[in-house]
Amino acid sequence: MTSSQTVGVVVIGRNEGDRLVRSLDSVVDGLRPVVYVDSGSTDGSCEAARDRGVTVVNLDLSLPFTAARARNAGFERLREQSPQVEYVQFIDGDCEVAAGWLEAAAIALDQHPTVVAVCGWRRERYPDRSPYNRICDVEWRMGQVGETTHFGGDVMLRASAFAAVGGYNSGVIAAEDDELSVRLRQANSSILRIDHNSTLHDANIHRLSQWWQRAKRCGYAYAQVSSLHGAPPERKFVKEIRRTWLWGVLVPLGAIALTPFTAGLSLLVLGRYPLTALRTILGTRKRGFSWGESIPWGLSCGASVFPEAFGVVKFTGDRLLHRQHEIIEYKGAQTPIADTIQITGR
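Numbering (my numbering), first residue to last: 90 to 435.
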């Protein structure tokens, strides 16, 4: 059985409020080394972490913030204070580790020496509070059990393999896990998804504008990671980029531009979007999801190409003009931890 000291945890966050409290409480056991990396919180996050005996790293805010940079900083501190750690669990401050996950993931790494990363199923804490939360809950369950090509931010990694590839690429603003997955696989290692819930996530998306920003960030991530790993044989996100340019930019603009010359018939091509949504809804139902899950997911897939196009265009402009890549935020502020403590009487 893998001991608590063999597994270390790195939590990252900024102004996560009571979500961070749940996150920390799910991994602190008095024995396991835990590092929290804070990116300029003003809600008492650092104090809450220290109160639980967690090592706190304050990220240098003079440099552009990315989740990748925060995770690297946490990993470095973890290795400094606990060099015996063999496996490291990364988790965002809006996630709570599911019961039994750390043990199950560590056992999987023990049993499969060529596996360097183990992921499971992320689930939403409040999927019924908004259709956007439900979209996220479906998204987290779209993978397959067994060997896979990529993982998300709540993953357990073999520390030696992570260090060998240089950790995360700190300049990647989103999909940094996909980028790291490519380099780990290129080092002749494999990634495994096991049939076990890994974390409870709190997306906290309640407005269309938040969904739009999240999808825009996805498009930016496609473009940035594809610029790094789009060449053969990987061709990472090349298909997604082509789809975005075609259906998010060229087809709608072309259909509108040709309207005067086609008596409006060119607009019929726009029927592809609701058809895509319908096809996705039916396909998701066949996979066992409910109508309540399949409908918002299908509508999101049918429409997301437009905000994704804005993200791709933004990355293209940033690259041509040599502008700094900056994170695209979509979440609102949380209740300060001090207020939460007062309300709950903790």
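Heads up, the beta-carbon is just placed ideally off N, CA and C, and yes, glycines get one too.
**Message:** If you reduce the DSSP assignment to three classes, tell me which class Ala312 lands in.
**Reply:** Helix.
**Message:** Does Asp181 pass the burial test, meaning 16 or more other C-beta atoms within 10 Å, or should it be called exposed?
**Reply:** buried
**Request:** Note down the Cα distance separating Gly129 from Ala156, rounded to an integer number of angstroms.
**Result:** 13 Å
**Asked** In whole angstroms, what separates the C-alpha of Thr333 from that of Glu169?
**Response** 43 Å
**Request:** May I ask you to report which of helix, strand or coil DSSP gives Gln170?
**Result:** helix
**Request:** Specify the secondary structure class of Leu289 as computed by DSSP and reduced to three states.
**Result:** strand
**Item:** Of the listed residues Glu165, Ile196, Val271, Trp300, nearest to Thr237 (C-alpha basis)
**Value:** Val271
**Request:** Within its chain, find whatever has a CB closer than 7 Å to the CB of Lys403; leave out the 5 residues flanking it on each side and keep chain order.
**Result:** Tyr309
**Item:** Element boundaries [beta strand (DSSP E), containing Ala246]
**Value:** At residue 246 the sequence reads Leu, which differs from the Ala that was named. 245-247 is the span of the beta strand (DSSP E), which, as asked, contains Leu246.
**Message:** Buried or exposed, going by whether 16 or more other CB atoms sit within 10 Å of the CB of Gly406?
**Reply:** exposed
**Cutoff 8 Å; reference Ala137; Cβ partners in own chain excluding five residues on either side** = Closer than 8 Å at Cβ, skipping near neighbours: Leu109, Val110, Leu113, Ile426.
**Prompt:** How many angstroms separate the CA atom of Ile101 from the CA atom of Ala320?
**Reply:** 31 Å
**Asked** So Tyr125 is in the beta strand (DSSP E); what residue range does that whole segment cover?
**Response** 123-127
**Asked** Distance, Cα to Cα, Val338 vs Ser393?
**Response** 12 Å
**Asked** Is the region 197-214 in contact with the region 277-296, if contact means three or more CB pairs nearer than 8 Å?
**Response** yes
**Asked** Do you know offhand how far Ser219's Cα is from Ala292's?
**Response** So the two alpha carbons sit approximately 10 Å from each other.
**Message:** Please give me, in chain order, every unbroken run of the alpha helix (DSSP H) with length at least 4 that falls completely inside the region 126-162.
**Reply:** 134-140
**Request:** Pair every Cβ in the region 354-372 with every Cβ in the region 383-390, then say whether three or more of these pairs are closer than 8 Å.
**Result:** yes
**Asked** Thinking C-beta only, is Val177 closer than 9 Å to Gly97?
**Response** yes
**Prompt:** Does DSSP put Trp334 in a helix, in a strand, or in coil?
**Reply:** helix
**Residue closest to Glu175, alpha-carbon to alpha-carbon, out of Asp149, Gln275, Val205** = Minimum Cα distance to Glu175 is reached at Val205.
**Prompt:** Where does Pro122 land, buried or exposed, given buried means 16+ other C-beta within 10 angstroms?
**Reply:** buried
**Item:** Buried versus exposed call for Phe350 [16 or more other C-beta atoms within 10 Å across all chains shown]
**Value:** exposed
**Request:** Measuring alpha carbon to alpha carbon, tell me which of Lys325, Ala187, Ala398 ends up nearest Asp266.
**Result:** Lys325
**Item:** Val149 burial status per 10 Å Cβ neighbour count (16 or more: buried)
**Value:** According to the sequence as given, residue 149 is Asp; it is not Val. Exposed, because fewer than 16 other Cβ atoms sit within 10 Å of the Cβ of Asp149.
**Asked** At which residues does the alpha helix (DSSP H) containing Ile294 begin and terminate?
**Response** Here Ile294 belongs to no alpha helix (DSSP H), and DSSP marks it neither H nor E.
**Request:** Using the Cα positions of Cys135 and Phe154, report the straight-line distance between them to the nearest angstrom.
**Result:** C-alpha separation (whole angstroms): 17 Å.
**Request:** Enumerate in chain order the residues of its own chain whose CB-to-CB distance from Ser115 is below 6 Å, with the five nearest sequence positions on each side excluded.
**Result:** Glu185, Val186
**Asked** Hey, would you say Cys307 sits closer than 9 Å to Gly387, going by beta carbons?
**Response** no
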